[in-house]
């Protein structure tokens, strides 16, 4: 009986210890959870709520009044607003160009930095430093001063050549891309780090076996490296897309902020614009996540 009680006491002690560990973990998470509720969940719910309302100030100045307008704010964005649809089209066109270029550049640089050579760690730091030092207002100031373009564009007057060769719409896109080329490539630091981490997951013995079988470096890249890092490519595409959609020189964000203080539109319409913009961003992200999950399932099935 004493042995049985000892076992029960031991089991009870383990349950109590497990409960204490769980409570301790939740206490550590509590500040983060409070921050998420206050600064993420509540603003999201509130902005979604007011996107269906016309928000104004009460006559006595005691607070805000909310007049339900249904889908009017969302219809206004595409029917009445002459700026937002154009800005969305220009943004999507830029994303289609900028995101792949940034990821491809990061992949090429990471391949070079993954090789063994003297000063490799220094070069890795050089490519990542701009992510730390130049962000937000600093980046915006660089663009305002015209420091984002390639020097050879102005030196050889390539802008006129591009407009002569390409159609007007395509030429405008290419010129705009060249105007941001340096800073677009400059801010590939995070993507480079992620690709370098991806290369470390590939066993060296696989390359050695391929080399013994007579595979060229080109064949090794496409048959070993590329399939192995494909999840990281999708991750970098998602990261770059989010980074591109939230950068300080995004005209859509500026348009949304301007409408928050506009007497004719206000917070309700600005919130509707924000949710429309969010939906446009989430569509390609969800598509990339779906592709990543399919690739993961195929990889598990072949093992």
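Residue numbers (this note's numbering): 14 to 316. Backbone N, C-alpha and C fix where the C-beta goes; we use that ideal spot for every residue, glycine too. Note that this is a predicted model, so its numbers are computed, not measured.
Specify, as a first and last residue, the run of the alpha helix (DSSP H) that residue i falls within.
i           : result
residue 209 : 202-213
residue 255 : 239-258
residue 9   : In the structure as shown, the chain starts at 14 and stops at 316, and residue 9 therefore has no counterpart that could be examined.
residue 88  : 85-92
residue 231 : 230-233
residue 172 : 171-178
residue 188 : 181-192
residue 96  : Element bounds for residue 96: n/a, residue is neither H nor E.
residue 60  : 55-63
residue 224 : 217-225
Is it buried or exposed for residue i, if we count other Cβ within 10 angstroms and need 16 for buried?
i           : result
residue 216 : exposed
residue 1   : No answer is possible for residue 1: it lies beyond the span of the chain, which begins at 14 and ends at 316.
residue 193 : buried
residue 145 : exposed
residue 204 : buried
residue 35  : exposed
residue 120 : buried
residue 14  : Because residue 14 carries a pLDDT of 45, less than 50, the predicted location of this residue cannot be relied on, and no value is offered for it.
residue 138 : exposed
residue 126 : buried
residue 21  : exposed
residue 93  : exposed
residue 278 : buried
residue 222 : exposed
residue 238 : buried
residue 49  : exposed
residue 292 : exposed
residue 170 : exposed
residue 307 : exposed
residue 140 : buried
residue 294 : buried
residue 290 : buried
residue 300 : exposed
residue 311 : exposed
residue 54  : exposed
residue 225 : exposed
residue 234 : exposed
residue 208 : buried
Along the beta strand (DSSP E) that carries residue i, what are the first and last residues, could you check?
i          : result
residue 69 : 66-70
To the nearest whole angstrom, what separates the beta carbons of residue i and residue j, a pair I think is in contact under 8 Å?
i           : j           : result
residue 115 : residue 206 : Not really, about 14 Å apart at Cβ, beyond 8 Å.
residue 201 : residue 122 : 7 Å
residue 68  : residue 77  : 6 Å
residue 257 : residue 96  : 20 Å between Cβ atoms; not a contact.
residue 172 : residue 188 : 5 Å
residue 242 : residue 211 : 4 Å
residue 287 : residue 60  : 6 Å
residue 199 : residue 143 : 5 Å
residue 186 : residue 110 : 6 Å
Between the region 271-289 and the region 60-70, do three or more beta carbon pairs fall short of 8 Å? A contact is defined here as three or more CB-CB pairs under 8 Å, and the region 271-289 meets this definition with respect to the region 60-70.
Would you call the region 173-184 and the region 229-247 touching, i.e. three or more CB-CB distances under 8 Å? Touching, no.
Examine the Cβ distances between the region 250-261 and the region 17-37 and report whether three or more of them are shorter than 8 Å. When C-beta atoms of the region 250-261 are compared with those of the region 17-37, fewer than three pairs fall below 8 Å, so the two segments do not count as touching.
Contact between the region 100-109 and the region 264-278 (3+ Cβ pairs under 8 Å): Three or more beta-carbon pairs separated by less than 8 Å link the region 100-109 to the region 264-278, which places the two stretches in contact.
What runs of the beta strand (DSSP E), each 3 residues or longer, lie entirely inside the region 264-289? Along the length of the region 264-289, whole beta strand (DSSP E) runs at least 3 residues long do not occur.
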